[in-house]
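There are 2 protein chains.
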Amino acid sequence: MQQSPTAKIIIIGNEILSGKTQDENTQFIAQELCKLGIKLTEVRVIADIEIEIIKAIRELKTQCTYLFTTGGIGPTHDDITSESIAKALNRDYLINEEAEDILRRYYYYKDKNNEFSEANLKMAYMPEGAELIPNKETTAPGFKIENIYVLAGVPFIMQSMFKELEEKLIGGKAIISHSLDVYIGESRIAKDLAQIQKDHPNIELGSYPFIRSGKWGTTIVVTSTDQEESQIVLNKIHNFIDRV
Amino acid sequence: MQQSPTAKIIIIGNEILSGKTQDENTQFIAQELCKLGIKLTEVRVIADIEIEIIKAIRELKTQCTYLFTTGGIGPTHDDITSESIAKALNRDYLINEEAEDILRRYYYYKDKNNEFSEANLKMAYMPEGAELIPNKETTAPGFKIENIYVLAGVPFIMQSMFKELEEKLIGGKAIISHSLDVYIGESRIAKDLAQIQKDHPNIELGSYPFIRSGKWGTTIVVTSTDQEESQIVLNKIHNFIDRV
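Each protein sequence line maps, in turn, to chains D and R.
Okay, so the first sequence: first residue is 0 according to numbering that gives the first Met the number 0, each after it adds one.
Okay, so the second sequence: first residue is 0 according to numbering that gives the first Met the number 0, each after it adds one.
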């Protein structure tokens, strides 16, 4: 059996760690990967610190099919993702001519008298061998290097980049989840759920408590790439729920 | 100089990795830690898989003052956090009598004829030596073991637990951030910001692009425990912004 493709995400962002910004990139990428049949196995939020980025890249790149990073590819001093990734991969950090060309044309078009600054040029520096990931929202591209996809941190730009690269990702069977909300506490269905999970080890069976209008309930989630087995499990759940 | 206290979070949750649920716990804990002067240095979202939990716990517990986990402490088969942590710490996994007592009283009070089930009792199992972290929303407690704080995954329950334990955390100087939004693109202020960062290495100076009503701008964030130096930096920023 072919191994299903997997993914990990590194969110590079002091603004998430300080609580200033709510991360939205994880959920977007997670949902897109799910549709593509790529299993997201881990997300790390780390600080904008070179040694932390290098460590995370080196450790995670060998543990998954696709490694995504978000954040830190802009023109300012705290944008250190590209250089850190170059170091992590022992690659030169140099100007990508295609990126420079795109950036120069954009800034020239915007204002013919505007000097193309060092900060503008910074966004063209990438690890040697990078392939650009364009986006429809801004000029500055993300890039792919080895199995690493380096994306912007701003959600709408990141999303635009992801849409561009999506067709290049080789997925597996779509991972489909079915949810069932019941107004029964988790404790009362725990035993039956555990038995079903035991009988169907290839199905991922999750149970999440909720409270709505003061009433406790449980969301039961059945996740699998095998829709036939999912349906059997769902029928079993319906059957025992009726008896509780 | 005394080292500032640091923290890391492990979010244990297939529901986050599948994109089904938006994680809200990171931002809440991050903001609370900030107020307490505890620096959050990393967040990991991992799957409900024993070996992953053990690996993350062992690796991260020695790298921070406080390690928080959220999720996986309920009564169902997929709640494996407590047992995995016991294994990670080479501690026995057994009934905490205080927790059992609380749970029994609650279920007896709720329904005198209700049998106290195995699933109910599961929530009293903890690593040997655990100290309870009660909460005002439910009966099931979280717990502290060594420097690890094991909290619920459901946000309002997690928050209630966090409020209970908060006063036991020894913080540092409050970490205060000042934000400044300017309608100037990042590239145009990159050089000045870099110079200020260089002159004030103890200040964390962040720069985040935004777009509002079609207009690009930059949020500049000055973060420090030293309010005097923050003010000097803010003044410098105001001065150069006026010239751009």
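Note that CB positions come from ideal geometry on N, CA and C, so glycine has one too.
ask   = Is it true that the CB of Ala-6 of chain R sits closer than 9 Å to the CB of Phe-67 of chain R?
value = A Cβ-Cβ contact shorter than 9 Å links Phe-67 of chain R with Ala-6 of chain R.
query = DSSP state of Lys-111 of chain R, grouped into three classes?
reply = Three-state DSSP puts Lys-111 of chain R in coil, outside helix and strand.
key: Opening and closing residue of the beta strand (DSSP E) in which His-237 of chain D lies   = Membership of His-237 of chain D in any beta strand (DSSP E) is not indicated; the residue belongs instead to the alpha helix (DSSP H) covering 226 to 242.
message = Below 7 Å on C-beta distance, what does Cys-33 of chain R contact in chain D?
response = Those are Ser-17 and Gly-18, listed as they occur along chain D.
Extent of the continuous alpha helix (DSSP H) run through Thr-25 of chain D = Element bounds for Thr-25 of chain D: 24 to 35.
query = Any idea which residues DSSP pairs Pro-133 of chain R with across the strands?
reply = Pro-133 of chain R pairs with nothing; no bridge assigned.
query = For the 8 Å Cβ check, are there 3 or more pairs between the segment 16 to 27 of chain R and the segment 13 to 32 of chain D?
reply = Yes, the segment 16 to 27 of chain R is in contact with the segment 13 to 32 of chain D.
query = Taking only runs of the alpha helix (DSSP H) that begin and end inside the segment 56 to 113 of chain R, which ones reach a length of at least 4 residues, in chain order?
reply = Counting whole runs of 4 or more residues, the segment 56 to 113 of chain R contains the alpha helix (DSSP H) stretches 80 to 87 and 96 to 109.
request  = For Asp-241 of chain R, count neighbouring C-beta atoms within 10 Å of its own C-beta (all shown protein chains included) and say buried if the count is 16 or more, exposed if not.
outcome  = Under this definition Asp-241 of chain R is an exposed residue.
Partner residues on chain D for Lys-190 of chain R, Cβ-Cβ distance less than 8 Å = Here the neighbours are Ser-116, Glu-117 and Ala-118.
Top-ranked residue by Cα proximity to Phe-209 of chain D, from R:Thr-69, R:Leu-35 and R:Phe-155 = Looking from the CA of Phe-209 of chain D, the closest CA among R:Thr-69, R:Leu-35 and R:Phe-155 belongs to R:Phe-155.
query = Is there at least one Cβ from chain D nearer than 9 Å to Thr-61 of chain R's Cβ?
reply = Output row for Thr-61 of chain R: interface = no.
inquiry  = Strictly below 7 Å CB to CB, what residues from chain D border Leu-39 of chain R?
reply    = The answer, in chain order, is Leu-16.
message = By the three-class DSSP mapping on this structure, what secondary structure does Leu-179 of chain D have?
response = Strand, per DSSP.
ask   = What residues of chain D sit near Ala-46 of chain R, judged by a beta carbon separation below 8 Å?
value = Neighbours of Ala-46 of chain R in chain D, taken as residues whose beta carbon is under 8 Å from its own, are Thr-40 and Glu-41 in chain order.
key: 8 Å contact criterion, which Ile-84 of chain R and Pro-126 of chain R should meet: CB distance rounded   = Taking a contact as a CB-CB distance under 8 Å, the pair Ile-84 of chain R and Pro-126 of chain R counts as one, their CB atoms being some 6 Å apart.
ask   = Mind checking if Val-220 of chain D is an interface residue toward chain R, Cβ cutoff 9 Å exclusive?
value = Taking Cβ atoms only, chain R reaches closer than 9 Å to Val-220 of chain D, which makes this a yes.
inquiry  = Against chain D, does Asn-95 of chain R count as a neighbour if the rule is that its beta carbon must be under 9 Å from one of theirs?
reply    = Not a single C-beta of chain D is nearer than 9 Å to the C-beta of Asn-95 of chain R.
task = Show which residues of chain B have a CB atom less than 9 Å away from the CB atom of Asn-112 of chain R.
result = In summary, chain B is missing from the structure at hand, where the protein chains are D and R.
inquiry  = Please confirm whether Gly-205 of chain R has its beta-carbon closer than 9 Å to some beta-carbon of chain D.
reply    = Taking 9 Å as the threshold, the shortest C-beta distance from Gly-205 of chain R to chain D falls below it.
query = Residue range of the alpha helix (DSSP H) that Pro-154 of chain D falls in?
reply = 154 to 164 is the span of the alpha helix (DSSP H), which, as asked, contains Pro-154 of chain D.
task = Would you mind telling me which residues of chain D sit closer than 7 Å to Asp-100 of chain R, beta carbon to beta carbon, in chain order?
result = Neighbourhood of Asp-100 of chain R in chain D, by CB distance below 7 Å: empty, with the nearest CB roughly 17 Å away.
request  = Using a Cβ-Cβ cut-off of less than 7 Å, list which residues of the segment 66 to 85 of chain R approach chain D; keep chain order.
outcome  = Going along the segment 66 to 85 of chain R in chain order, one finds Gly-73, Pro-74, Thr-75, His-76 and Asp-77 with a Cβ nearer than 7 Å to chain D.
ask   = Can you tell me whether DSSP reads Met-0 of chain D as helix, strand or coil?
value = At Met-0 of chain D the pLDDT is 41, less than 50, meaning the model places this residue with poor confidence; the figure from the coordinates comes in the next sentence. In this structure, Met-0 of chain D counts as coil in the three-state DSSP scheme.
request  = Could you give the DSSP three-state label for Glu-203 of chain R: helix, strand or coil?
outcome  = Note: Glu-203 of chain R maps to strand in three-state DSSP.
request  = Count the other CB atoms, across all protein chains shown, that sit within 10 Å of the CB of Asn-238 of chain R; report buried if there are 16 or more and exposed otherwise.
outcome  = Under this definition Asn-238 of chain R is an exposed residue.
Cβ neighbour criterion (16 or more within 10 Å) applied to Pro-251 of chain R = Chain R is shown from 0 up to 243; residue 251 of chain R falls before or after that span and cannot be answered.
query = Does Met-0 of chain D come within less than 9 Å of chain R when only Cβ atoms are used?
reply = Here Met-0 of chain D scores only 41 on pLDDT, less than 50, and its place in the model is too uncertain to base an answer on.
message = Please list, in chain order, the chain R residues whose beta carbon lies closer than 7 Å to that of Ala-29 of chain D.
response = Within 7 Å Cβ-Cβ: Leu-16, Ser-17 and Gly-18.
request  = Flag Pro-200 of chain D as yes if its beta-carbon sits less than 9 Å from any beta-carbon of chain R, otherwise no.
outcome  = For Pro-200 of chain D, the answer is no, since every Cβ of chain R falls outside 9 Å of its Cβ.
request  = Could you spell out the range, first to last residue, of the alpha helix (DSSP H) harbouring Ile-195 of chain D?
outcome  = That run of the alpha helix (DSSP H) goes 185 to 198.
Whole-angstrom distance between Ser-176 of chain R and Ala-46 of chain R, CA atom to CA atom = The straight-line gap from Cα to Cα measures roughly 33 Å.
task = Note down the Cα distance separating Glu-228 of chain D from Cys-63 of chain R, rounded to an integer number of angstroms.
result = In a straight line, the C-alpha of Glu-228 of chain D is about 43 Å away from that of Cys-63 of chain R.
message = I need the straight-line Cα distance from Ile-174 of chain D to Ala-123 of chain D, nearest angstrom please.
response = Rounded to whole angstroms, the gap between the alpha carbons of Ile-174 of chain D and Ala-123 of chain D is 36 Å.
query = Where do the ends of the alpha helix (DSSP H) carrying Ile-15 of chain D lie?
reply = For Ile-15 of chain D, the enclosing alpha helix (DSSP H) covers residues 13 to 16.
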